[in-house]
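Peer 1:
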Amino acid sequence: MFRQIDSTLHFTVGNRTTRSEPVGQRATHRKFAWRAHISGKRTQDADPRRGGNTTLLQSCLPSPVPVLLEFPIYICCSLAASPPNYLDDTGSVLVAVFLLAAMSATTSQKQGVLASEEGNDDDLQQQVSRASLLFGRKVLGVVDSTPTTDEARMRLKMDLYLIPLVSLIYLLAFIDRSNIGNAAIAGLLKDLNMHGFDLSISLSIFFISYIVFEIPANLLCKRIGPAWFLSSAILGFGVLTICTGLVRSFSALCGVRFVLGIFEAGIMPALVYYLSRWYTHSELTFRVSLFIISAALAGAFGGLLASAILSIPHLGSLYSWRLIFLIEGMCRRIILIAVLTLKTAPWLSAEEKVLAKARLDAERYTTDDSVAEFRWSKVRLGICNPVVLTTTTIFLLNSITVYGVSFFLPTIVKTIFPEKSVRMQQLLTVPPYFVGAIACALTSFWSWKAQQRGVFMIFCAPLTVVGYIIFLATSNQHLRYGATFLPFLGIFTYGALTNSHVAANVASDTARTAAIAVNVMGCNIGGLVSAWAYVPSDSPNYRIGNGLNLAAQASMIVIATGLYYWIKYDNKRRDDRQANQPEDLDVQDMDTLDWKHPRFRWRK
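Structure, rendered in structure tokens:
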């Protein structure tokens, strides 16, 4: 039941009454703040532990089913690897078939669950969604959140439970794609008889499948839910990391890297989409940065782990760089064990779950955005969004630098300090990553407090430009090593800034899914370019690769500045035209038109 009393909205859910009221409004910018107070006893309908429907939460939580499929696939890997030949091309294909079958089985089971729950909408979710619509969409624009004590406590609980999990997932995924750089200087090139451009080819193979499957993977994530999708993907890239340590030829390496790209294609967009269903737009940048930091830590941890693993003489018939892939692949079981404990959201009370749902619905433009209907027209609007495309271009250019550093920093350090041992060269790659992690956290925190992303996208790139200028201008090894720290002060921050920026500048949930996928696809196009930026003929100074990174970062400054001022201009133009538009908002029009709706406003 709903009743409107003055400016305060009261709505009842079972035996519980929820009261939500606007506490402030700025007419100029169309902003409002709101509070949600929840009181009363839990009811059977509201308590998921008693059979209630928690579609929003359950669709986000990981699934234990892929763990059951893990062991037959590991057996398959063992059979495919016939020592001492390890893994031939036939074995690679066999492993790929089993992995795809596992993901298909997981998808089928999830679809069965969805079919069995069809039509079983809980009154709690419907009424909260309608209530959020009434008080949250009276004025369209940016929500200026004024958190209550209850909301702050709920957000802290989400931070403590969700962020470590997604950070661990991304940490291990990033190690999987970049550990080939550590293996390259530990004997991989020699053992597989790789010469010339072979390393660049193996890196490119990964990004080809990564780019092609980026958007389909994220649409699949929305269809079956982040939990099931992430569980299957984690299983896949864990097994394939082990397979990389078993390969015996260059062609087998390329085959495994191609399939690895398929399973890692949706990881980052799925994690961003996952968090966007928990956090508001202003909160999202800092939370995304917390798991993006794990990319920086992956470089540091990967170097430390590789150095430690190389001290092991052998493990059975495996040795040297093969142990790097084997041990790191086995670590993926940690995540699969962890997700078994997250079948529900036990850290949130029933009242906090209602608040989590209501505050997201109040912020968004369209009806019940968390379960919005899928339509291809929304996908098109998410992809063809001018802010999304421009932000993707910025992320693409930045990714040329990020992946160039991730793949080739060990090689660059080797050219700076050729007299040092391999283990010491691995250790020298660690400090810049720690600097990058700290810088990413601080910058994203300031962005959250300032509720600005555009300004930070402008001012993070100049430090990288200075670093590459120093690296290119001097031959002093200590200055050149010091110059490698400067790019890390800004490059990792763009992952959080750009992904939260595109998520904030679309209206529907489907468009958001497509926009995030396009942004990450641009990131991996940059990775494909970076694979060919550092070629052997350009060593030891690598002027082509470093010059390309310098040009990319300089271009980012220009594009980010142009985007910032265009958003201000277009919002002002929309404000000027709004007087000629009807005052009554048709929510369905907003759901259909997305950013083309005259009352839509870009977020900076």
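At position 315 of the sequence shown (counting the first as 1) the number is 314 in numbering that gives the first Met the number 0, and the numbers step up by one without a gap. Virtual Cβ for every residue (Gly too), placed ideally from N, Cα, C. Quantities reported herein were computed from a predicted structural model and do not represent experimental measurements.
Can you have a look at GLN476 and say buried or exposed, based on whether 16 or more other CB atoms are within 10 angstroms of its CB?
Peer 2: Counting Cβ neighbours within 10 Å, GLN476 comes out exposed, since fewer than 16 surround it.
Peer 1: Of the residues ALA264, SER208 and ALA251, which one's Cα is nearest the Cα of ALA232?
Peer 2: Comparing Cα positions, the closest option is ALA264.
Peer 1: Given that a residue counts as buried once 16 or more other Cβ atoms are within 10 Å of its Cβ, and exposed if not, what is GLU418?
Peer 2: Exposed, by the Cβ-count rule.
Peer 1: Let's test the definition: count the other Cβ atoms within 10 Å of the Cβ of HIS596 and tell me whether it reaches 16, buried, or not, exposed.
Peer 2: By the neighbour-count rule (16 or more Cβ atoms within 10 Å), HIS596 is buried.
Peer 1: Taking the straight line between their C-alpha atoms, what separation do you get for MET520 and ARG321?
Peer 2: Their backbone Cα atoms lie some 30 Å apart in a straight line.
Peer 1: With a 10 Å radius around its C-beta and 16 neighbouring C-beta atoms as the bar for buried, classify MET329 as buried or exposed.
Peer 2: Exposed, because fewer than 16 other Cβ atoms sit within 10 Å of the Cβ of MET329.
Peer 1: Output the distance between the C-alpha atoms of ALA550 and VAL387, rounded to the nearest integer angstrom.
Peer 2: ALA550 and VAL387: Cα-Cα distance of roughly 22 Å.
Peer 1: Report yes or no: do three or more beta-carbon pairs, one from the stretch 440–455 and one from the stretch 536–548, lie closer than 8 Å?
Peer 2: Short answer: they don't touch.
Peer 1: Do the CB positions of ASN181 and PRO409 come within less than 8 Å of each other?
Peer 2: The answer is yes: Cβ separation under 8 Å.
Peer 1: Return the residue from the list GLU350, ASN192, VAL211 and TYR209 that minimises the CA-CA distance to VAL246.
Peer 2: Ranking the options by Cα distance to VAL246, first place goes to ASN192.
Peer 1: What are the boundary residues of the alpha helix (DSSP H) that includes SER201?
Peer 2: First-last of the alpha helix (DSSP H) with SER201: 197–211.
Peer 1: Note down the Cα distance separating HIS194 from LEU259, rounded to an integer number of angstroms.
Peer 2: Each residue's Cα considered, the two are about 22 Å apart.
Peer 1: Output the distance between the C-alpha atoms of TRP375 and TYR272, rounded to the nearest integer angstrom.
Peer 2: When rounded, the distance between both Cα atoms is 18 Å.
Peer 1: Starting from LEU317, follow its DSSP beta bridges and name the residues at the other end.
Peer 2: DSSP, once it has assigned bridges, lists LEU314 as partnering LEU317.
Peer 1: Should SER665 be labelled buried (16 or more other beta-carbon atoms within 10 Å of its own) or exposed?
Peer 2: Absent from the model: residue 665. The displayed extent of the chain is 0 to 603, so no value can be given.
Peer 1: Less than 8 Å between the CB atoms is what I'm expecting for GLY235 and PHE262, so what's the real figure, rounded?
Peer 2: Yes, they are in contact, since the Cβ atoms of GLY235 and PHE262 sit about 3 Å apart, within 8 Å.
Peer 1: Looking only at its chain, what residues have a beta carbon closer than 7 Å to the beta carbon of MET423, apart from the 5 residues adjacent to it on each side?
Peer 2: Here the set comprises nothing.
Peer 1: Here's the rule: buried if 16 or more other CB atoms are within 10 angstroms of the residue's CB, otherwise exposed. What is THR473?
Peer 2: Burial call: exposed.
Peer 1: Could you tell me how far apart the beta carbons of SER499 and VAL287 are, in whole angstroms, since I believe they sit closer than 8 Å?
Peer 2: With a Cβ gap of about 5 Å, SER499 and VAL287 count as contacting.
Peer 1: Using the Cα positions of ASN523 and PHE491, report the straight-line distance between them to the nearest angstrom.
Peer 2: Going from the Cα of ASN523 to the Cα of PHE491 covers about 14 Å.
Peer 1: Does the stretch 276–293 come within contact of the stretch 433–440, defined as at least 3 CB pairs closer than 8 Å?
Peer 2: Result yes; three or more Cβ-Cβ pairs closer than 8 Å.
Peer 1: Give me the residue from LEU314, PRO268, THR483 and ALA516 with the minimum Cα distance to GLY381.
Peer 2: Cα-wise, what sits closest to GLY381 is ALA516.
Peer 1: Of the choices VAL211, GLY244 and PHE599, whose alpha-carbon is the least far from that of ARG573?
Peer 2: Nearest C-alpha to ARG573: PHE599.
Peer 1: Please classify PRO486: is it buried, with 16 or more other beta-carbons within 10 angstroms of its beta-carbon, or exposed?
Peer 2: Under this definition PRO486 is a buried residue.
Peer 1: Among ASN397, ILE168 and ALA269, whose alpha-carbon lies nearest the alpha-carbon of GLN552?
Peer 2: Closest by alpha carbon: ASN397.
Peer 1: When the Cα of ARG331 is compared with those of PHE173, TRP531, ALA502 and TRP594, which residue comes out closest?
Peer 2: Comparing Cα-Cα distances from ARG331 to each of PHE173, TRP531, ALA502 and TRP594, the minimum goes to PHE173.
Peer 1: Does DSSP classify VAL607 as helix, strand or coil?
Peer 2: What the structure shows of the chain is the stretch from 0 to 603, and residue 607 is not part of that stretch, so it cannot be assessed.
Peer 1: The alpha helix (DSSP H) that contains HIS477, what's its start and end?
Peer 2: Counting along the chain, the alpha helix (DSSP H) containing HIS477 begins and ends at 476–482.
Peer 1: Do you know offhand how far SER529's Cα is from TYR563's?
Peer 2: Whole-angstrom Cα-Cα distance: 27 Å.
Peer 1: Residues in its own chain within less than 7 Å of THR389 by CB, not counting five upstream and five downstream?
Peer 2: Excluding positions up to five away in sequence, the list reads ILE558 and LEU562.
Peer 1: By the three-class DSSP mapping on this structure, what secondary structure does ARG598 have?
Peer 2: Reduced to three states, the DSSP call for ARG598 is coil.
Peer 1: In this structure, does DSSP put ALA232 in helix, strand or coil?
Peer 2: Reduced to three states, the DSSP call for ALA232 is helix.
Peer 1: Under the assumption that VAL429 contacts LEU303 (Cβ atoms under 8 Å), give the Cβ distance between them as a whole number of angstroms.
Peer 2: Right, the Cβ-Cβ distance comes to about 6 Å (below 8 Å), so this counts as a contact.
Peer 1: Looking at C-alpha atoms only, which residue of TRP594, TYR160 and SER536 is the closest neighbour of PRO385?
Peer 2: Comparing Cα-Cα distances from PRO385 to each of TRP594, TYR160 and SER536, the minimum goes to TRP594.
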